[in-house]
Amino acid sequence: MKWHWAAFLIALAPLPAQAAPEEIQVYMDELNARGEPGLDLHVNDVLQGTPGPAVPGGEPSLHRWRVTPEWSLGLGGGFEAGAYLPLATIAPDGKLRADGVKVRMKWLAPHGDTGFYWGANYEVGYSSQLIDDHHWNNEIKLIGGWRRGRWLAAVNGNIDFALSGPHAGPVTFDLDEKLGYRLSSTLTLGVETYNGLGPLRSLGRFAAYDQATFLAADAHLGGWDINAGIGKGYGANADHLIAKFIISVPLRHRL
Numbered sequence: 041m042k043w044h045w046a047a048f049l050i051a052l053a054p055l056p057a058q059a060a061p062e063e064i065q066v067y068m069d070e071l072n073a074r075g076e077p078g079l080d081l082h083v084n085d086v087l088q089g090t091p092g093p094a095v096p097g098g099e100p101s102l103h104r105w106r107v108t109p110e111w112s113l114g115l116g117g118g119f120e121a122g123a124y125l126p127l128a129t130i131a132p133d134g135k136l137r138a139d140g141v142k143v144r145m146k147w148l149a150p151h152g153d154t155g156f157y158w159g160a161n162y163e164v165g166y167s168s169q170l171i172d173d174h175h176w177n178n179e180i181k182l183i184g185g186w187r188r189g190r191w192l193a194a195v196n197g198n199i200d201f202a203l204s205g206p207h208a209g210p211v212t213f214d215l216d217e218k219l220g221y222r223l224s225s226t227l228t229l230g231v232e233t234y235n236g237l238g239p240l241r242s243l244g245r246f247a248a249y250d251q252a253t254f255l256a257a258d259a260h261l262g263g264w265d266i267n268a269g270i271g272k273g274y275g276a277n278a279d280h281l282i283a284k285f286i287i288s289v290p291l292r293h294r295l
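Under my numbering, think of the first position of the sequence shown as 41, with each following residue one higher.
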């Protein structure tokens with residue numbers, strides 16, 4: 041009967057720590073024009089962390105690269121469609137796998153180059169059991185931000201819920217923030233934070249959920265945009281030191 045007690049304790053425990061996701065990003069006011077394609081390459085690696093798997097039956101995230109192309113297309117009217125295809129991983133032994141796919145739809149309200157902006161993003165996707173014990177997941181992302189002079193600020197409120205998996209799990213809420221200062225026309229330095237707040241019905245217990253803070257740089261280099269960061273995981277985060285990059289590839293042709 042020991043397994044009954046194990047199942048009972050798992051059900052009562054806080055949500056399990058999750059490994060570094062395929063996308064470590066605070067959404068701001070970027071939006072493709074109608075017919076304009078885009079390609080962002082999301083790359084991250086856990087440099088230090090817990091050697092065991094983050095989910096039962098999963099693969100440890102330590103020294104595992106996540107490499108995910110994000111394809112996008114501007115639809116006009118403030119809408120942009122996107123697809124993370126594939127959710128690729130490179131295991132510590134060098135094995136390359138495609139571990140899933142996600143699609144999204146982003147909308148931003150009309151706004152100027154300065155001042156406030158707001159919008160939302162809806163995402164649904166499939167991940168293999170090696171990286172997430174909930175295969176199908178949904179996310180609603182609320183986007184807000186502000187630009188003035190050399191300063192920028194952004195905040196995302198993420199409502200996440202699983203569509204399938206070994207246990208339903210509660211609807212959870214994450215709060216992600218970015219504060220940056222533009223040093224020049226090509227370089228902005230700042231801080232990004234990613235904060236799990238737990239189930240919507242009982243927010244709190246900060247130390248029981250994944251937290252991470254990154255020092256980040258945004259650079260524009262000859263048509264290429266690069267976001268690079270080094271981050272510290274804490275709270276329940278199994279990943280203690282994370283390097284991440286978002287590389288925006290210039291695509292010159294409209295569809």
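From the three backbone atoms N, C-alpha and C, an ideal C-beta is built for every residue, glycine too. Given the structure is predicted, the values throughout are model-derived calculations rather than measurements.
Local conformation of residue i per DSSP, three classes
i	result
Ser167	strand
Leu106	Strictly speaking, residue 106 in this sequence is Arg, with Leu absent from that position. Three-state result, Arg106: strand.
Ser288	strand
Ala194	strand
Ser204	coil
Ser101	coil
Ala71	A small fix is needed here, since residue 71 is Leu in this sequence, not Ala. Note: Leu71 maps to coil in three-state DSSP.
Leu240	helix
Leu52	Only weak support is given to the placement of Leu52: the predicted model assigns it a pLDDT of 33, under 50, and the question is left unresolved by the model.
Ala247	helix
Leu276	It should be noted that the sequence gives Ala, not Leu, for residue 276. Here Ala276 sits in coil by DSSP.
Gly189	coil
Pro61	coil
Thr228	strand
Pick from the options that is closest to residue i, judged by C-alpha positions
i	options	result
Ile164	Asn198, Ala149, Leu255	The question names Ile, yet the displayed sequence has Val at residue 164. The shortest Cα separation from Val164 among Asn198, Ala149, Leu255 belongs to Asn198.
Ser225	Gly189, Pro77, Thr233, Val143	Gly189
Ala60	Lys272, Asp80, Val195	Lys272
Gly262	Phe285, Leu281, Thr253, Leu227	Leu227
Ile270	Trp186, Lys284, Ala278	Lys284
Glu63	Met145, Arg106, Ala194	Arg106
Gly275	Ile266, Asp258, Thr253	Thr253
Gly116	Pro150, Pro132, Lys135	Pro150
Arg222	His260, Ile171, Pro93	His260
Gln251	Thr129, His280, Ser168, Ala268	His280
Asp306	Asp80, Ile183, Leu182, Leu203	Lying before the first or after the last residue shown, residue 306 is absent from the chain, which here runs from 41 to 295.
Contact belief for residue i with residue j at Cβ below 8 Å, rounded distance in angstroms
i	j	result
Trp147	Gly122	No, Trp147 and Gly122 are not in contact; Cβ-Cβ is about 12 Å, not under 8 Å.
Val211	Leu240	5 Å
Phe213	Leu243	6 Å
Gly209	His174	7 Å
Trp264	Val289	7 Å
Ile282	His82	Rounded, the Cβ-Cβ distance is 12 Å, inconsistent with contact.
Ala278	Gly89	5 Å
Gly152	Met68	Going by Cβ atoms, the distance from Gly152 to Met68 rounds to 14 Å, so no, they are not a contact pair.
Arg104	Pro132	6 Å
Pair within 7 Å by beta-carbon distance, residue i and residue j
i	j	result
Leu192	Gly155	no
Gly78	Asn72	yes
Leu102	Pro109	no
Gly229	Ala257	It is Leu, not Gly, that sits at residue 229 in the sequence shown. It is a contact, given that the beta carbons lie within the stated cut-off.
Val66	Lys218	yes
Tyr124	Lys142	yes
Trp176	Tyr166	yes
Ile183	Gly159	yes
Glu76	Gly114	yes
Proximity test, Cβ basis, 7 Å: residue i and chain C
i	result
Pro150	You won't find chain C in this structure, because it holds only one protein chain.
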